[in-house]
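A.B. asks: Quick one: this structure, given as structure tokens, is what I'll be asking you about.
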Amino acid sequence: MSAPVSILEVMTTATQYSLDVLGYWCAVELFSPQSWKNPQKINLRQSVGHSENTQYQNLPWEDLRADMFIGLTQRTRSSFEEQYSQVKFGGGYHIQTNMQARLQQPLSFIESTETWLKKQNAWPYENNSPIQTIIQQAHQEWLELTYGSETLPTGSFVSDALIGLLVDTMENLAHATNRSGRVQAIYLKNYPHKYREKPYYMKANPPKDASAKNRKTSAWLHHEYFCIQVGLSQQVVFNALHNASTLIREFTPAEKVREEETLPSSSTRDDAKRYTLKKTTASMMCFEVRDDGTLGPDSSLAISQYAKAVSCLFAHNCWPTCPTGWPDIKQLDDNERRIRIMFSELVGAVAPDGSPRRVSRNTLNYIIDAAANELGLDDKTIRQSPVYEQADGNLIDRDSVSCRLVKGGDANESPLMDSFYISDLEALYNIKCQEIASGSHTSETFSEPLKRYLSQTHPERFDLTEDPDGALLDKLTQPNRIPDGRWPSKSNQFQSTAQQLAINQITATANSGQGDYLLGVNGPPGTGKTTLLKDVISEIIVARASQLARFERPEDIFKTHVTNGPLNYWTLQPAVIGYEIVVASSNNKAVENISQDLPRTESLATDWQSWIENEYGRESKDYAFRQLAEELLKSDGKKEATANKTDDDSPSAWALLAATLGNATNKSKFIGPFESRFIRERLNLSNAEYRSANHNWREARKAFKSALQKEAELCERREAAFIANHDPSDLLRAQERLKNDLGEVQICLQKKNRDLDTNREQAQDLQLQLNESCRKGDEAINAWQEAEIFYNAHQQYWATHFFESLIHFKKRKEDEKSAYIAKEQARLKKQNLCDTANSEYYSLARLNATINTESSEVSMLSTRESNLSAQLNEVNAKLEDYQNRPKHISTLSDERLDWIDQEWNTARTELFMAALRLHQQLVIGAVQQFRENLTLACKVMQQPRHFDQQAQLAAWQSLFLVVPVISSSFASVSGMFRGLGKESLGWAIIDEAGQATPQSAAGLLQRVHHAVAVGDPMQLEPIDTLPAQMRELLADTHNIVMGRESHNVQEMVDHQTRYGLEAEQWVGMPLVVHRRCEEPMFSICNEMAYSGRMVRAGAEHTPCLYMAGTKEGIAIPPSCWYDIPAGPDEIGKNKWRLKEGHELYARLTDLIEGGIAPEQILVIAPFKVGANKVQDIFRSALKQSGHYSHGRAAELAANQAGTVHTSQGREADIVFLVMGSTPGKPGCGSRDWVNSSPNMLNVAVSRAKRRLYVIGNVRDWESGKYSEYLIRSLPIRNPS
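Reading the sequence shown from the start, the letters are residues 1 to 1280 in full-length UniProt numbering.
Structure (structure tokens):
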């Protein structure tokens, strides 16, 4: 019997797995560097006097100068450029220096001063005037600073003291001559245009303290830096990886095609069958040179992780195996330390004259050689590697280096040389190692989403296809689980059951905080992923509004005010954070689409546009800051953004809901209008807005609470109806309760009736006794009265016969006694009989009272018995009706839920609208706090490294209160949120998760509380240029079995999703109702990729007609496969077939002449060579029509024709799929690659909404595992 596994052992196993996965991902990303894009190069082989073929002879810092003017400006708030022009044309002191602050032309104090005075009409001046006094005093100081030199010659040092003197002199003279304005010293640097497109203007600010008199400093001259990057040939590295892969195992034909097709578009294949990446370069290292030619600082030196990984690649000699944890770049730490020592010595080097040594080409070459030798990347070492081939050439580019000017605050910050994800992955790996080293098992270093993401185990699963009576689906989608908020689509439009299930599960944590932290939604094309996400976003905003509504005043949401020098901001209350939404994807287009779609007017129903205007009146013009949203759409600079006005000139944006950030370009487009139009203008409230702010907050708060209550009441009613219609358990419980109650009442009623009968019999007997007693009593009373009369008569007689009484005294006494005794006996008998009668009377009265009470109780019990019987009969009838009523068994394929109706949808949408207004009034009501925090946010977005985590959190949390959704590519997450740690943000929504590598999401998942991945693993797989053999090797060296960790984000998240279905693997919360493609495209995709689990909503076919020309009104040919046999001249050639191109041209020409818009046509080719050809053909067909210029035809062709990868996320009425491939057996590898999975053909076919035309050789493709589906489903047609 095996020993039980302890909790600690389970934790250790889980921890080791997460470390192994992170280590594996790090290893993969080490070989994924940043390629140089449009580098500005310095030729290192150029010699002085020989610049015939080179644009620049000198190094970029050798010819720089600063051209300064000191004079008066009238508008101090204008730009430096405007101030420079004013000073330059207003006269004054003109100083031109190099970057060492040495004069480039002589400078005379007296001559320059007199020239300025003449321009001011203040020359000549009178003796002993204030002007003369100022000049004489300043001239004396000038001579002291210049050691007696009236005119400073070329090469003289311009110190801070000298600049300060000239500025002070100009100010004094301006005052003496009554000239208005402010004295400014502005200079222009002449950076070459290739390094800086715009002129560089700067204000000279010499020190004001004691150092202002220093003759040896030049703090007035601000220095920029040139970042130098040393290049590694990615062609050499790629070929080395390729060679190493062949040492592991041979490539299959399909893998060879995959490698060729997934290389960058600039790649080619030479005659030796070796792949060539045309001049693609990555960085070995970088460092900085100041614009005065000095090296450094020390911190500017950075060695790329890629260079270290490449060193490990060429140094390894034991292929096909590698040690555990390979490549171990830590073994190069000592080498890097020696490189840094060498660099530091060069930074501190001085020239013979004692000045800092200037960087020359020899310096650059020395640094490159020294670093290469230390890293083992020198030519000699590389050539000895088993994975190097002589034909590959040099690894290090020794002919040139990349050079770029680093702007202002970015100095000393290394450029991104390595993978976008490596820094986050290494950080996660290190903190987990620290957790293990510290022995801590109580605190979790990973966020909840990331912890689940990196777990081998999964939660208990429920297969939704194993729910025969629909009880589970009903439970998960019943009314009390429906989110409060809803996107403003038409109220009579409903989510499908599968969509609503996903929405419910995702938003379950928005209010309650309970539920799953990581969820996956599988959405094939056309199943409503974006529609689903809109409802999710709406509910999160409503959930936050519910928290905001608890605060009496808007400013109460802020916690503390932080002041740190010039930095001022407010922290926020915990109740209002955790609702931030980050939308991320590896697909830039997907990121842009959702961020641009949410705020556009077209994204909400027309009825709701009118509702906003009617509900809010004048306020609707800037409802939910729609004016800023409009500006942001315009700033995007795309044609569709500005062409998005409706016919009635209504705004193209309806609410400020989202912004696309991430890379520097996107952030710049956002920050510009956000700072100028929003922070400075919109938040600069008028007096009227200030006065009404609190009132408007109270009104918005009241309206939101009212909408919330209304929605809750509607929900409660539908929940009650749902329970009645879907769950008989309440009826059964009611039936049992009524039966029990009725039985108890009947038993009690029987007892009461028995008691009542008994008491009535007793009352009857007692009444008879009372009657008899009364009769006897009456007789006794009569007898007593007679005896009383007799006695009284006897007494009266003897009283009137006094003498006779004396004579018969004895007899009188005896008679009197006898009469008295008779009277008393009668009285006593009467009394006894009366007492008996009274006793019997009161007993009878009490008994009658009891009878009356019992009669009432019996009556009440009888009534209750009747009521309970009626209720029981009603419940029995309902149960009988429930048993006999036909039941709808809920399934994922249902197009809607029966219990969600238009009235409820309307109320939920109104609640969302009220939530948006509440957010707006919050910002206006706490305008001062938001101005500070949003100003900080703009700075944080530009230079996050300058701020601590608390400042960054406050900035981002405040920004998300204004802009609820911010999107970014995965590549930009690390840089944009670099200072944010575990669970700093609320939500991550990962779009197109099937196209993202698993490692790309790790950094974002660590930064959020909740995450949902939406995508389709049956669409395009992530692009991976690393050979499969090398990836397998890296997995093996990190104890990873090739599986979901190597596939995509969607599969990783699906693994942790409890509700789904089992296909070939677990599929999390599938969407199955398809609304895009007509037949036969739908059936092809459904059978080929989704095992037939999708259902189609809508008509199978809609009319598709020619719109112009001789065929106007005639139906376009139905979908089909045009069979183009290979000609004998095409055998053995590349993957493009000329005859297929001819057929495509004929078909395109026919459609274009028939009035079909080219925007409704997509042309797709599986192979890159074919994609280039079909683009040319599309362009030719458009030009031939005579309706399009050369430029417009080229633009349309570039947008509408390309590879399958470029068509991802697109859709069109008509799609051409031009198959290509080398004919016959030589093309088997390429066709096997296309058929290696259903993904590529699934993407291509699912782009077509109404027509699909496949052009290719049926004989070549009919044996393909997935192309066979197309051939079987489409009619085969002969070529035109």
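Think of the CB as a built atom: it goes at the ideal place given N, C-alpha and C, for glycine as much as any other residue.
Here the structure is a predicted model, which is why all the values come from computation and not from measurement.
Shortest alpha-carbon distance to I367 belongs to which of G296, R1250 and N430?
C.D. replies: G296
A.B. asks: Less than 8 Å between the CB atoms is what I'm expecting for E865 and V745, so what's the real figure, rounded?
C.D. replies: About 5 Å separates the CB atoms of E865 and V745; that is less than 8 Å, so the two are in contact.
A.B. asks: Quick one: what does DSSP say A1013 is sitting in, helix, strand or coil?
C.D. replies: strand
A.B. asks: Give the DSSP-derived three-state secondary structure of H94 in the structure shown.
C.D. replies: strand
A.B. asks: V236 and I382: beta carbons closer than 9 Å?
C.D. replies: yes
A.B. asks: The alpha helix (DSSP H) that contains D1260, what's its start and end?
C.D. replies: V1258 to W1261
A.B. asks: For I248, I'd like the list of residues in its chain whose CB is within less than 8 Å of its CB, leaving aside the five on either flank, ordered along the chain.
C.D. replies: W319, P320, Q1029, M1030, E1032 and L1033
A.B. asks: Look up S967 in the DSSP assignment and give the residues it is bridged to.
C.D. replies: V583 and T660
A.B. asks: Which residue wins for smallest C-alpha separation from T660, given the options H794, K823 and V582?
C.D. replies: V582
A.B. asks: Would DSSP call L1252 helix, strand or coil?
C.D. replies: Annotated three-state conformation of L1252 is strand, per DSSP.
A.B. asks: Beta-carbon separation of H1009 and L985 under 9 Å?
C.D. replies: Closer than 9 Å, so yes.
A.B. asks: Given a cut-off of 9 Å on the beta-carbon distance, is the pair R917 and Y623 in contact?
C.D. replies: Yes, Cβ-Cβ distance for R917 and Y623 is below 9 Å.
A.B. asks: Can you find the residues in the same chain that come closer than 7 Å, C-beta to C-beta, to T13, ignoring five residues on each side of it along the sequence?
C.D. replies: none
A.B. asks: Decide if V1169 is buried, meaning its Cβ has at least 16 other Cβ atoms within 10 Å, or exposed.
C.D. replies: exposed
A.B. asks: How is residue 1281 classed by DSSP in three states: helix, strand or coil?
C.D. replies: The chain is shown only over 1 to 1280; residue 1281 falls outside these bounds and no answer can be derived.
A.B. asks: Ignoring anything shorter than 4 residues, give me the alpha helix (DSSP H) runs that lie fully in the region 748-800, in order along the chain.
C.D. replies: Counting only runs of 4 or more, we get nothing.
A.B. asks: To which residues does DSSP link R691 through a beta bridge?
C.D. replies: In the DSSP output, where bridge partners are listed per residue, R691 has none listed.
A.B. asks: On the DSSP bridge assignment, give the partners of K203 in chain order.
C.D. replies: I186
A.B. asks: Just tell me which of G181, K198, R182 and P599 has its CA closest to the CA of L188.
C.D. replies: K198
A.B. asks: Using 8 Å as the threshold, is the region 865-875 in touch with the region 811-823, meaning 3 or more CB pairs across them?
C.D. replies: no
A.B. asks: Report the option in S1267, N98, T1037 and H561 whose CA atom is closest to the CA atom of W220.
C.D. replies: N98
A.B. asks: Let me make sure I understand the geometry here. Which of P1080, L879 and T606 has the alpha-carbon closest to that of N732?
C.D. replies: Note that residue 732 is Leu in the sequence shown, not Asn. It is L879.
A.B. asks: Between the C-alpha atoms of S2 and D20, what's the straight-line distance to the nearest angstrom?
C.D. replies: Since pLDDT at S2 reaches only 39, below the 50 mark, its modelled position is unreliable, and no value is offered.
A.B. asks: Ignore the nearest five residues each way along the sequence and tell me which others in D379's own chain have a CB closer than 7 Å to its CB.
C.D. replies: N394
A.B. asks: Would you mind listing the alpha helix (DSSP H) stretches within the region 916-966 that are 4+ residues and don't spill past its ends, in chain order?
C.D. replies: 927-942 and 949-962
A.B. asks: Mind the definition here: the region 905-917 touches the region 481-501 only if three or more C-beta pairs lie below 8 Å; say whether that holds.
C.D. replies: yes
A.B. asks: With DSSP run on the structure shown, which of helix, strand or coil describes W899?
C.D. replies: coil
A.B. asks: So, with DSSP's three-state summary, where would you put R102?
C.D. replies: In the three-state DSSP reduction, R102 falls in the strand class (E or B).
A.B. asks: Whose C-beta lies closer than 6 Å to the C-beta of L959 among residues of the same chain, with five residues either side of it excluded?
C.D. replies: A937
A.B. asks: So does the region 833-843 actually touch the region 763-778, counting three or more Cβ pairs closer than 8 Å?
C.D. replies: The region 833-843, when compared against the region 763-778, does touch it at the 8 Å Cβ threshold.
A.B. asks: Thinking C-alpha only, which one of Q750, E711, C715 and E619 is nearest S692?
C.D. replies: By alpha-carbon distance to S692, the top candidate from Q750, E711, C715 and E619 is E619.
A.B. asks: Among the candidates V1012, V350 and A955, whose CA atom is the shortest distance from the CA of K529?
C.D. replies: V1012
A.B. asks: Would you check if the region 171-188 and the region 131-151 touch, i.e. whether three or more CB-CB distances between them fall below 8 Å?
C.D. replies: As far as the Cβ criterion goes, the region 131-151 touches the region 171-188, which means the pair count is three or higher.
A.B. asks: Given a cut-off of 9 Å, decide if R290 and P39 are closer than it, judged by their beta-carbon atoms.
C.D. replies: A distance of 9 Å or more separates the beta carbons of P39 and R290.
A.B. asks: Could you tell me the distance, in whole angstroms, from the CA atom of I540 to the CA atom of F947?
C.D. replies: 28 Å
A.B. asks: Here's the rule: buried if 16 or more other CB atoms are within 10 angstroms of the residue's CB, otherwise exposed. What is N522?
C.D. replies: buried
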